[in-house]
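For the protein sequence lines, the chains are A and B, in the order given.
Position one of the first sequence corresponds to residue 4 (the working numbering), numbered consecutively onward.
Position one of the second sequence corresponds to residue 12 (the working numbering), numbered consecutively onward.
Structure, as structure tokens:
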Amino acid sequence: MLTGGQILVECLRNEGVDTIFGYPGGAVLPIYDALYDADIRHILTRHEQGAAHAADGYARATGRPGVCLATSGPGATNLVTGLATASMDSVPMVALTGQVPTSLLGKDSFQEADITGISMPITKHNYLVRDVNDLPRIIKEAFYIATTGRPGPVLIDIPRDVSAAKTEYRDPGPIGLRGYQPRLAGEPAKIAAAAKAIAKARRPVIYAGGGVINSGAAGQLRKLAETLMAPVVVTLMGLGGFPADHPLYLGMLGMHGSRYANYAVSECDLLLAIGVRFDDRVTGKVETFAPHATIIHIDIDQAELGKNVSVDIAIAGDVRTVLVDLLKHLTSNPDPAWNEKIQHWKKEYPLDYRKEGMRPQAVIREIAEVTAGRPVRITTEVGQNQMWTAQYFPFTRPRSFISSGGLGTMGYGFPAAIGVQVACPDELVFDIAGDGSIQMNIQELATAVNYELPINVAILDNGYLGMVRQWQELFYNRRYSQTELRNPDFVKIAEAYGAEALRVEKVTEIRPALEQAVASSKPVLLDFIIEREENVMPMVPPGESINKMLG
Amino acid sequence: MRSTFSVLVENNPGVLARVAGLFSRRGYNIDSLSVSRTDDPTISRMTIVVEGDETILDQVAKQLRKLVDVIRVRDITNDPYVDRELVLIKVNADSAKRGEIMQIVEIFRGRIVDVGEHTCIVEVTGDEGKINAIESALKPFGIVELVRTGRVALQRGTQTVLVEE
Ligand SMILES: Cc1ncc(C[n+]2csc(CCOP(=O)(O)OP(=O)(O)O)c2C)c(N)n1
Ligand SMILES: [Mg+2]
């Protein structure tokens, strides 16, 4: 006989789980008791939100499901932001929560929160386990749902009497989900139609997103681009899906995309949208998005096809599987003048910044240079720091840029970096942070020090909630309402936690500071005091067409 | 446009909340939703009537299909189908007015299923038009309470919405 907690551990092992991120409490005592003897690494974060983001970072770095664990009530509600973040960015995750005993459910019992109700719209699916005998089946289903189709977080709520109950462990057998049968292959007729449209195109552009990375299709994407000689623009989630040093790469499109990426989309006659969802930050004014193009949309999620933009050819299927099929059919006939035009735009409107003073873009470029040639993973917080990273760090491999895109969660980057470093112990990990965002999960310094994770945090410290300040400058007449920050001494804070820390105020100090950080085997916090009112440019004003850019 | 969806779902706790939550958070307008278990106790059938343009109706079907507990979704609006709704109307009915009410109920092939001192309850089954008509016919007498089931529908003949397709 095993307890529910022991069965849970057994099932997690069967799913190949080697690490979980969590925080204990009364309702998960039987689970923690089982973990005490288990062959699973448990990382104790200092906040459940940190555990959720760490599991998310682990998943984004590896492609394997991240697992987090929290107690009932406040423990469970502290996971909410992490679940919503993972849900928006299609990250495979399994969240385990304790719950009050079944006899106390629905009675506003101590530390009871209806987490299955709360998390319904921000999970792919969720479960409340009422009988310990259902545990093996539910756990198996949860991992299957989280990792197949369009990935996403799944939550399992386990009442304390269920995790304490004893029973025989029984293998649940094959999965039988009548309502969940993700399809892989695209419809052949649609693929043929796409190939035909591609053959006719004179000015093709590939618009690639996170689906390319999720489905492991970076190789196919590259082959596609090279076969068609088509330029590639990527979304925030698509960064790393196509090498930034490739001549066909045009960088990110959309609100803070490069001019040449947005111009190319605005003038192309064929837009091949792959693993993307036409988010409003990408399309700008949707009526004038890619106005001259035949649009082909490939995505695993049928519901994304035609949701925000009506498309000409919609192919539901796994991006990689569809691209493999599509590549068998391709001929192309691009107009040489198209490439010339793009080269002209690239020369005429380069992504650039002013060089004097402490420019955040320069810090990012230096991080890229210092880490060049070594495997590096970059997480970001949210705001200007995130956009500068997206614009100026040359990502060349999938899963190397890890950032909260859909939800835009400040406080994501640092705990995510913990998950990334745990997953990739031999790689360099940087969290490129803002002085506002870092304070949203700064307590995780304790976790990084505790587990000797040599994460580097580079705060681009402008003393502002910079991105909000930028909008106030541009659209609210410079009325900086509640965006100026009086910050603590970040160096002292980091040192108090037991990390190394440096303040960097001069351009000449940037490089040595970074070299010191990279060489250190401890967590290092670098506080870069940057130009206070630097803006992220270019920028598409909200509601404008993407070829109408400021800056 | 108004569409009728026939939806098969797992008879799990929470499935109604999942469907209702989906409609409310995505801002879809439900005209009516009726749900009950089928001949297979593990499966419920929902008949959902939705108002929206073509894009919205397309999204409704696709978003419903994404729910793990939803097994089948079909927009049967353009198929031949039978639809029914049942209404119970408690209407003021003093002895002087009863004869008149009974005549109206007769015309609609309804029934009087309860008679109280000052009221009676009328039951009518039919499509929406018929239900609306009896409601307006009884209004002048004074409707005390009214309850409608919402539409239930099945396709005619060989067309079906079943687990096995
Ligand atoms: C949790 C959360 N709260 C509020 C916001 C809104 N917001 C977006 S960017 C930003 C400013 C971030 O400031 P900082 O971390 O210093 O980054 P900077 O823009 O200065 O680089 C804010 C408040 C958010 N994205 N997330
Ligand atoms: Mg800032």
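We treat Cβ as the ideally placed atom computed from N, Cα and C, and that holds for glycine.
Chain B contact residues for residue i, given Cβ-Cβ distances below 8 Å
i        : result
A/Ala306 : Gln70, Lys73, Gln74, Arg76, Lys77
Chain B residues whose Cβ lies nearer than 9 Å to that of residue i
i        : result
A/Ile148 : Val79
Neighbour flag for residue i against chain C, beta carbons, 9 Å
i        : result
A/His300 : Absence of chain C from the displayed structure is noted, the protein chains being A and B.
Contact list for residue i against chain B, beta-carbon separation under 7 Å
i        : result
A/Leu180 : Val79
A/Lys310 : Gln70
A/Met91  : Within 7 Å Cβ-Cβ: nothing; A/Met91 doesn't reach chain B, min ~14 Å.
A/His128 : Val79
Residue i: contacting residues in chain A (beta-carbon distance under 8 Å)
i        : result
B/Ala164 : Residues of chain A passing the Cβ test: none, with the nearest at roughly 21 Å.
B/Asp174 : Note on identity: in this sequence residue 174 of chain B is Val, with Asp being the wrong assignment. Those are Arg181, listed as they occur along chain A.
B/Glu21  : Arg181, Gly182
Contact belief for residue i with residue j at Cβ below 8 Å, rounded distance in angstroms
i        : j        : result
A/Asp530 : A/Val507 : 7 Å
A/Pro154 : A/Pro77  : That pair is no contact at about 27 Å.
A/Ile142 : A/Ile159 : 7 Å
A/Asp315 : A/Ile298 : 5 Å
A/Met443 : A/Met470 : Between A/Met470 and A/Met443 the Cβ distance is about 14 Å, and since that is not below 8 Å, they are no contact.
A/Ala393 : A/Leu448 : Rounded, the Cβ-Cβ distance is 25 Å, inconsistent with contact.
A/Ala62  : A/Phe24  : Not quite, the Cβ-Cβ distance comes to about 11 Å (not below 8 Å), so this is no contact.
A/Pro378 : A/Leu326 : Incorrect: roughly 25 Å between the Cβ atoms, too far for contact.
A/Glu534 : A/Gly386 : The Cβ separation is near 15 Å, so there is no contact.
A/Leu253 : A/Ala267 : 6 Å
B/Gly153 : B/Asn103 : 4 Å
A/Asn265 : A/Asn550 : 5 Å
A/Ser75  : A/Ala30  : 4 Å
B/Ala144 : B/Val93  : The pair is not a contact, with the Cβ atoms about 18 Å apart (cut-off 8 Å).
B/Leu68  : B/Asp50  : At roughly 28 Å, the Cβ-Cβ gap does not stay under 8 Å, so B/Leu68 and B/Asp50 are not in contact.
A/Thr100 : A/Leu82  : 7 Å
A/Ala64  : A/Ile405 : 6 Å
A/Thr84  : A/Gln52  : 6 Å
A/Thr6   : A/Ala168 : 7 Å
A/Glu384 : A/Ile458 : Incorrect: roughly 13 Å between the Cβ atoms, too far for contact.
Within chain A, partners of residue i - CB distance below 7 Å
i        : result
B/Glu115 : Note that residue 115 of chain B is Ile in the sequence shown here, rather than Glu. Neighbours of B/Ile115 on chain A: none; closest Cβ ~45 Å, over 7 Å.
B/Ile82  : Arg181, Gly182
Interface partners of residue i on chain A, CB under 9 Å
i       : result
B/His66 : The identity of residue 66 of chain B in the sequence shown is Thr, whereas the question assumes His. Ordered by position in chain A, the residues that pass the 9 Å Cβ test against B/Thr66 are Gly309, Lys310, Ser313.
Could you list the residues in the region 312 to 329 of chain A with a C-beta less than 8 Å from some C-beta on chain B, going in chain order?
Ser313
Let me know the beta strand (DSSP E) ranges lying completely inside the region 24 to 96 of chain A, each 3 residues or longer, listed in chain order.
44 to 47, 69 to 73
Could you tell me which uninterrupted alpha helix (DSSP H) segments, each at least 4 residues in length, are contained entirely in the region 477 to 548 of chain A, listed from first to last along the chain?
493 to 500, 510 to 522
Would you list, in chain order, the members of the region 25 to 45 of chain B that have their beta-carbon closer than 9 Å to a beta-carbon of chain A?
Gly25, Ala28, Arg29, Gly32, Leu33, Arg36
Segments assigned alpha helix (DSSP H), at least 4 residues, entirely inside the region 77 to 165 of chain B:
106 to 118, 139 to 149
Beta strand (DSSP E) runs wholly inside the region 100 to 158 of chain A, at least 3 long, in chain order:
128 to 131
Using a beta-carbon distance cut-off of less than 7 Å, what residues from the region 137 to 153 of chain B approach chain A?
none
Between the region 109 to 123 of chain A and chain B, which residues of the former have a C-beta closer than 8 Å to a C-beta of the latter?
Thr119, Gly120, Met123
Segments of 4+ residues assigned as alpha helix (DSSP H) that fall wholly inside the region 349 to 404 of chain A:
363 to 374, 387 to 395
Please list the segments of the alpha helix (DSSP H) lying wholly inside the region 238 to 297 of chain A, counting only runs of 4 or more residues, in order along the chain.
262 to 270, 283 to 286
Mind listing, in chain order, the continuous beta strand (DSSP E) runs of no fewer than 3 residues lying wholly within the region 169 to 246 of chain A?
207 to 211, 235 to 237
Completely contained alpha helix (DSSP H) runs for the region 21 to 87 of chain B, where each covers 4 or more residues:
26 to 36, 65 to 77
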